[in-house]
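Peer 1:
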Amino acid sequence: MRKKALGVSLVAVAALVAALTGTGAATAAPASKPIPNSTPGWLNHGKNLGAASPNGPVDVRVYLAPNGGLDALKAAATSASKTHHYLTPAQYHAKFDATASTVSAVSGWLTGAGLKVSAEANNRYLDVSGSVGAANKAFGVTLSNFTHDGLSVQAPTGAASAPDAVAASIIAVAGLDTTVNTVEPQTQKPSPPSAGFRNAQVCSHWYGDSTPANTPTPDGTVLPQFNGATLPFAPCGYTGPQLRNSYEAGAAAGLNGSGVTVAITDAYASPTIESDANRYATDNGDKAFTAGQYSQNLPGSFIQVNATKSAHQCDASGWYGEQTLDVEAVHAMAPAANIRYYAGKSCEDKDLLDTFTRINDENIANIVTNSWGGAGDAVPPTLLQAYDVAFLQGAVQGISYVFSTGDNGDEVTRLGTPQTDFPASDPYVTGVGGTSTAITQAGVTGETGWQTTKYGLSGGAWKVTVPFLYGGGGGYSSNVPEPDYQVAAGIQSPNGGRALPDVSMDGDPTTGMLIGQTQSFPGGAAYGTFRIGGTSLSSPLFAGMTALKIQASGHGLGLLNPLIYSDHSGFHDVTGAGIDAGNIRVDFVNGLDATNGYVYTVRSFNTANTTLKVGTGWDSETGWGSARAGWLTAVQ
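Going letter by letter, the sequence shown gives residues -28 to -1, 1 to 608 in mature numbering (1 follows the signal peptide of the UniProt record, and there is no 0).
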């Protein structure tokens, strides 16, 4: 990230000092205002160990408000998405970047307290460093040492504040709380692909074509019926042609994503991604990338983040499988679209936020798919508006953002209360949930909500082993208000929060996509295929399909949700049970081969033990449903 040294005007600083400290013999503390969302969300259950040493270090990022304020940027994004009159990055920066006088004023306040300041090239934020004592003075806080949720951190005991003269120019301050905020891929797979994994090849090439009645188990195990029905073996993993020919059936000839660029963000970068994607495509009936069709925008270096001091949460190899899925899924749905991959230098929020800066400023992408997110509503409150600004800049330039909604259903099992995942819950992105999807040679013949109970064999019968295993994210946000487009559509939010998902696509790992990736097997690195799912699949499937819509319209779309909520006729309403109660999965015990035998499980569809339910119209499990060819030509 380019930064610029601050040449703060002496006149501006002098004026600021006069405003903040007064003049003459007597001085008084300047009036101040709290900085929004600067109180740590975990504070009520953290343990205060005492004040931090005033000589200790502090590194803070101060995010600056757009010129004219956030409301002006929101209005511009809404207007641009309706009229399709978009700004270039240069026009955006000229109109909405914080001004030099704003930077001077905010910097003068901070340097006056003894802190060092440098500004990001387009004045989006200021990087601030110095001592605990100086930060306490500047922000009107007491930084203390805390423990919370197994972490040892430094954080303020209450809200930070800024002088009245500059408070309106600040939308967020990150770093006073040193809790490392990371995000995770929204994939569900049996083990990290980088460690090597193979599916046992007792599976259905098309949904339902292999069952215990026509396909023997490899070790002779007799599989009982499930609730009186013979369930099919799970699909081997849908391929590009299967997915494309089902979801896009009836699309106009020539719609293939040509002329459109789909951006993908993740952390890190797989060293074998292009060769893997090309082999996967050609092995499964599609074409490899043409020269230049796939490209990457990488940071200068990558870093690992050790959030717990006991384990690396940003495992680079784990993200390689995520990138592979995203690239191969987009290429499957939009085989002629360009794909540009933007890597975060780590899985920290601020590093993923920086990928959006690069996307918006390059202005190459038309739509961006993001298959990652934080757990529940515990997004760092300091970053909520910083994310808003990034997505709104994209919308003003005609760029659409879509996100996976998560793989833990309503989050009750993991977090104890119903919650939605962020950034999918941001009102300026489209949150894509997951379905359990039956694809036969006739197309999509069955579809229901993805919420899974796991059953194992016990005494010749199927018994529950995991009441809730995983499922597509949805529900109602507790920290993001319900946006106008949902209110206008009559969505009844019980807590007044943003409702998720907006739409859904195939996401259940049992009915997931086959992907190909170079993995580390006992005999060395080798290419292999395996089935994978999660809303990490749903988001790139939807983004790839929307690339065809952008191609058909001839222009970018910006904010997608106002379109979706005003006309959802291009989506298949998912209203009830699927074609079966679930599928039988056959897996190797060791994840590689039959040496240690096989394990048999039933993975149910549309489990009814969460707060998320399918129903007519919009619902909290699948949103408006899954896209069909009508989405490609609906209101633009």
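Every residue, glycine too, gets a C-beta built ideally from N, C-alpha and C.
Tell whether a beta-carbon distance below 8 Å holds between G528 and G370.
Peer 2: Contact flag set, yes.
Peer 1: Compare the Cα-Cα distances from A62 to each of L15, E334 and T407 and report the closest residue.
Peer 2: With distances taken between Cα atoms, A62 lies closest to E334.
Peer 1: Would you kindly check if the distance between the Cβ of L36 and the Cβ of L98 is under 8 Å?
Peer 2: Yes, these two residues count as a Cβ contact at 8 Å.
Peer 1: Can you find the residues in the same chain that come closer than 7 Å, C-beta to C-beta, to residue 679, ignoring five residues on each side of it along the sequence?
Peer 2: Given a span of -28 to 608 for the chain in the structure shown, any question on residue 679 remains unanswerable.
Peer 1: Determine the DSSP secondary structure at S318, reduced to helix, strand or coil.
Peer 2: If DSSP states are grouped into helix, strand and coil, S318 belongs with coil.
Peer 1: Would you give the residue range spanned by the beta strand (DSSP E) that Q423 belongs to?
Peer 2: Per DSSP, Q423 belongs to the beta strand (DSSP E) from Q423 to S430.
Peer 1: Thinking S53 and L531 are a contact (beta carbons under 8 Å), I'd like their distance in whole angstroms, please.
Peer 2: That pair is a contact at about 4 Å.
Peer 1: Thinking C-alpha only, which one of Y400, L325 and Y179 is nearest Q458?
Peer 2: Of Y400, L325 and Y179, the residue nearest in Cα terms is Y400.
Peer 1: For R251, collect the residues of the same chain with a Cβ closer than 7 Å to its Cβ; drop the 5 residues on either side in sequence, then sort them by chain order.
Peer 2: G488 and Y499, listed in sequence order.
Peer 1: For G22, count neighbouring Cβ atoms within 10 angstroms of its own Cβ and tell me buried if that reaches 16, exposed if not.
Peer 2: Exposed is the call here.
Peer 1: By the 10 Å Cβ neighbour count, where 16 or more other Cβ atoms means buried, how is N199 classified, buried or exposed?
Peer 2: That one is exposed.
Peer 1: State the Cα-Cα distance for the pair K259 and Q214, rounded to the nearest angstrom.
Peer 2: Cα to Cα, K259 sits roughly 14 Å from Q214.
Peer 1: If Q276 sits next to S318, beta carbons under 8 Å apart, how far is it from one beta carbon to the other, in whole angstroms?
Peer 2: About 7 Å separates the two Cβ atoms, so the contact holds.
Peer 1: In the DSSP assignment, find the unbroken beta strand (DSSP E) run with Y359 in it and report its ends.
Peer 2: From DSSP, Y359 is part of no beta strand (DSSP E) but of the alpha helix (DSSP H) over L356 to V368.
Peer 1: Does the beta-carbon of G102 have 16 or more other beta-carbons within 10 angstroms, so that it is buried, or is it exposed?
Peer 2: With 16 or more Cβ atoms within 10 Å of its Cβ, G102 is classed as buried.
Peer 1: In terms of alpha-carbon separation, which member of V89, S133, T114 and H120 lies closest to S4?
Peer 2: Selected option, being the one with the closest Cα: S133.
Peer 1: DSSP three-state label for I551, please.
Peer 2: In the structure shown, I551 sits in coil (DSSP, three-state: anything other than H, G, I, E or B).
Peer 1: Only counting the same chain, and skipping five residues up and downstream in sequence, which positions put a Cβ closer than 6 Å to that of N380?
Peer 2: Answer for N380: R386, listed in chain order.
Peer 1: Taking the CB atoms as reference points, tell me whether S343 and P157 lie closer together than 8 Å.
Peer 2: Taking 8 Å as the Cβ cut-off, S343 and P157 qualify as a contacting pair.
Peer 1: Does the separation of the CB atoms of I411 and W178 fall below 8 Å?
Peer 2: Yes, the Cβ-Cβ distance between I411 and W178 is below 8 Å.
Peer 1: Can you give me the Cβ contacts of A414 inside the same chain, cut-off strictly under 7 Å, excluding the 5 residues immediately before and after it?
Peer 2: Within the same chain, A414 has no close Cβ partners at all.
Peer 1: Is G505 buried or exposed, if buried means 16 or more other CB atoms sit within 10 Å of its CB?
Peer 2: G505 is buried by the Cβ-count criterion.
Peer 1: Would you call the segment 101 to 117 in contact with the segment 74 to 88, where contact means no fewer than 3 C-beta pairs closer than 8 Å?
Peer 2: Yes, the segment 101 to 117 touches the segment 74 to 88.
Peer 1: Taking only runs of the beta strand (DSSP E) that begin and end inside the segment 464 to 508, which ones reach a length of at least 3 residues, in chain order?
Peer 2: Whole beta strand (DSSP E) segments, 3+ residues: 469 to 472, 475 to 478, 485 to 493 and 496 to 504.
Peer 1: Can we say the segment 433 to 442 touches the segment 513 to 524, given the rule of at least three CB pairs closer than 8 Å?
Peer 2: Touching, no.
Peer 1: Contact between the segment 438 to 454 and the segment 464 to 474: three or more CB pairs below 8 Å?
Peer 2: Touching, per the Cβ criterion.
Peer 1: In angstroms, rounded to a whole number, what distance separates the CA positions of G597 and S538?
Peer 2: So the two alpha carbons sit approximately 14 Å from each other.
Peer 1: Nearest to F68 by alpha carbon, out of G41, A91 and G526?
Peer 2: Comparing Cα-Cα distances from F68 to each of G41, A91 and G526, the minimum goes to G41.
Peer 1: At a cut-off of 7 Å, is V361 close to the ligand ADP when judged by its beta-carbon and the heavy atoms of the ligand?
Peer 2: Although the ligand ADP was asked about, the structure shown includes no ligands whatsoever.
Peer 1: Measuring straight from C-alpha to C-alpha, what distance separates L545 and W590?
Peer 2: The sequence shown places Asp at residue 545, not Leu. If you take the alpha carbons of D545 and W590, they lie about 8 Å apart.
Peer 1: According to the Cβ coordinates, are V138 and I236 closer than 8 Å?
Peer 2: Contact flag unset, no.
Peer 1: To the nearest angstrom, how far is it from the Cα of G554 to the Cα of N533?
Peer 2: Cα to Cα, the separation comes out at about 32 Å.
Peer 1: Could you name the residues of the same chain whose beta carbon sits closer than 7 Å to that of I245, not counting the 5 residues immediately before and after it, in chain order?
Peer 2: Q295, T296 and V299.
Peer 1: Roughly how many whole angstroms lie between the Cα atoms of Q423 and G378?
Peer 2: Distance between the alpha carbons of Q423 and G378 is about 12 Å.
Peer 1: Could you tell me how far apart the beta carbons of T483 and P207 are, in whole angstroms, since I believe they sit closer than 8 Å?
Peer 2: Rounded, the Cβ-Cβ distance is 6 Å, consistent with contact.
Peer 1: Kindly indicate which three-state DSSP category P534 falls into: helix, strand or coil?
Peer 2: Reduced to three states, the DSSP call for P534 is helix.
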